[in-house]
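Trainee:
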Amino acid sequence: MIKSLRGMKEILPPQNKKYEHFIEVASSIAKKYGFEFIETPILEETALYIRSVGDSSDIVGKEMYSFIDKGKNDVSLRPEGTAGVVRSFIQQKYDKAGQVKRFFYYGPMFRYERPQKGRFRQFHQFGCESFGEDSYIEDINIILMMGDIFDKLNIEYTIKLNSLGCDECTPPYRKKLVKFLDTNIEEICDDCKTRRDTNPIRTLDCKNPNCQSLYVNAPKITTNLCQNCDSDFEKIKKILNSMNIKYEVDSNLVRGLDYYNKSAFEFISEGLAIAGGGRYDKLTSMLGGKDTPAIGFAIGIERIIELIEIPEDKKDGYYIGTMCEDLDELLLTLAHKKRKENKVHLNVNPKSLKATLKSADKLGFKYCVFIGEDEVKDNKIWIKDLQEKTELLINQKDF
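Take 49 as the starting number for the sequence shown in my numbering and just add one per residue.
#1: Along the chain, where does the alpha helix (DSSP H) that runs through Leu440 open and close?
#2: Taking just the CA atoms, how far does Phe70 sit from Arg135?
#3: Would you mind reading off the limits of the beta strand (DSSP E) that contains Glu209?
#4: Can at least three beta-carbon pairs, one atom from the stretch 114-123 and one from the stretch 311-319, be found at a separation below 8 Å?
#5: Measuring straight from C-alpha to C-alpha, what distance separates Leu91 and Asn189?
#6: Spatial neighbours of Asp364 within its chain, please: C-beta separation below 6 Å, excluding the five flanking residues on both sides.
#7: Just the Cα atoms here: how many angstroms apart are Tyr153 and Glu87?
#8: Would you mind working out which of Leu209, Asn300, Cys237 and Gly55 sits nearest Ile288, comparing C-alpha positions?
#9: Closest to Lys385 by CA distance: which of Arg169, Gln444 and Thr206 is it?
#10: Tell me which residues share the same chain as Lys283 and place their Cβ nearer than 6 Å to its Cβ, disregarding the 5 neighbours each side in the sequence.
#11: Give the secondary structure of Cys259 by DSSP, where H, G and I count as helix, E and B as strand, and everything else as coil.
#12: Please list the segments of the beta strand (DSSP E) lying wholly inside the stretch 144-188, counting only runs of 3 or more residues, in order along the chain.
#13: Buried or exposed, going by whether 16 or more other CB atoms sit within 10 Å of the CB of Val264?
#14: Can you name, in chain order, every residue of its own chain whose Cβ lies under 7 Å from the Cβ of Val392, other than the five neighbours on each side?
#15: Leaving out the 5 sequence neighbours to the left and right, which residues in its chain are closer than 7 Å to Cys217 when beta-carbon positions are compared?
#16: List, from N- to C-terminal side, the beta strand (DSSP E) runs of 3 residues or more that fit wholly inside the stretch 324-392.
#17: Please list, in chain order, all residues of the same chain as Lys149 whose beta carbon is under 7 Å from its beta carbon, the five residues on each side excluded.
#18: Are the beta-carbon atoms belonging to Tyr308 and Gly326 less than 7 Å from one another?
#19: Is it buried or exposed for Met157, if we count other Cβ within 10 angstroms and need 16 for buried?
#20: Pick out whichever of Met334, Ile191 and Ile431 has its Cα sitting closest to the Cα of Ile18.
#21: Does Asp446 pass the burial test, meaning 16 or more other C-beta atoms within 10 Å, or should it be called exposed?
The structure is reproduced here in structure tokens:
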């Protein structure tokens, strides 16, 4: 028997209802904030991710599903959603138009890593990307929108917030950090030794417990910001405080991708990061477009599904059965008529009326409709309301 690949799972009942519920909630809230739906290809040129995500990242270095296709093209399954949206933004020449564009998307992403709780090799994300707004107000809007989504889903969370600085303040901070790393070079892990040369700020994202304990004493980017970055960061915190939005400043929060600058944030629930994002003002120019301020976030849907509780579905629809032969035309006609207003299930070969009632109730239907020999003879239909426990006979033409 052929089985699914390790770390790649179907979304099956009952999780499918949670998935649909989440997409409905997140999409409706994104639209209220002015975002429009976009669908980008699952397969892109590998160069897109190397130039955007960064070859110092674990995604590019260890986790991408990359291969040479039949046309000798180096391609990869998308490991995240932002790069593809930015590529589309540039390809459609939106960067040249100078307009504000806001997009939301959802779908599968692919990373080759060890499957664990809430982490799979094929996983799903919901994301939003905003282009053209360089004000810190957009940063706050993004954080508020994420909070609205989780509040609507009744998910408790903690917000972690940081600023990664800009081209003015990041280089001198990087030098201080490298000096700190060199002082502790014998104690940091091999990955951090590599990152020290490629992108030292990403060492702060290391999950090695020994490294994490060392980095508590590392120089903080928040105390090395330039005047503009510090001013924006203070304004963001001030407004969040005035709106009673609780957050924690985490100076070691750097995100896992190379393209972020200035604001960075994560939403944590039950010890897991369920969402994260930040500003990436240089990414459009890195990918060949015009400089465009941008900010976005992504939510890991598999992790959200574990936290979502939805009310039990109310009984609804019609379960239609008969033990009489040659009623295909009648049943299909009745079902087609009712499907215009509700869901319908046909059972053309039930074992008995009792079995039909049991199946209808188990599958969550409100009404069980049965046609026996007497009903056929009298052009009637027998209907039982499985919630109210009432029953009646009606003419077929009145159904």
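Backbone N, C-alpha and C fix where the C-beta goes; we use that ideal spot for every residue, glycine too.
Mentor: Concretely, from the data shown:
#1: Per DSSP, Leu440 belongs to no alpha helix (DSSP H); it is in the beta strand (DSSP E), Thr438 to Asn443.
#2: Cα to Cα, Arg135 sits roughly 27 Å from Phe70.
#3: Per the sequence shown, the amino acid found at residue 209 is Leu instead of Glu. Counting along the chain, the unbroken beta strand (DSSP E) around Leu209 starts and ends at Thr206 to Ser211.
#4: The stretch 114-123 is not in contact with the stretch 311-319.
#5: Leu91 and Asn189 have their C-alpha atoms some 31 Å from each other.
#6: Within the same chain, Asp364 has close Cβ partners Lys414.
#7: Near 6 Å, if we compare the C-alpha coordinates of Glu87 and Tyr153.
#8: In the sequence under discussion, the amino acid at residue 288 is Leu, which differs from the Ile named in the question. Nearest of Leu209, Asn300, Cys237 and Gly55 to Leu288, Cα basis: Leu209.
#9: Measuring C-alpha to C-alpha distances from Lys385 to each of Arg169, Gln444 and Thr206 identifies Gln444 as the nearest.
#10: Around Lys283: Tyr184.
#11: Residue state for Cys259 is assigned as helix, using DSSP reduced to three classes.
#12: Those beta strand (DSSP E) runs which fall completely within the stretch 144-188 and span 3+ residues are 149-158 and 170-179.
#13: An exposed status is given to Val264, since fewer than 16 other beta-carbon atoms sit within 10 Å of its beta-carbon.
#14: Around Val392: Gly365, Tyr366, Ile368, Ala383 and Lys386.
#15: Excluding sequence neighbours, Cys217 sits near Asn272, Leu273, Cys274 and Cys277.
#16: As far as the stretch 324-392 is concerned, its whole beta strand (DSSP E) runs of at least 3 residues are 342-348 and 366-370.
#17: Closer than 7 Å at the Cβ level, and outside the excluded window around Lys149, lie Phe137, Tyr142, Phe179 and Gly180.
#18: At the C-beta level, Tyr308 and Gly326 come within 7 Å of one another.
#19: When all chains shown are included, Met157 counts as buried.
#20: Beyond the ends of the chain as shown, which are 49 and 447, falls residue 18; an answer cannot be given.
#21: By the neighbour-count rule (16 or more Cβ atoms within 10 Å), Asp446 is not buried but exposed.
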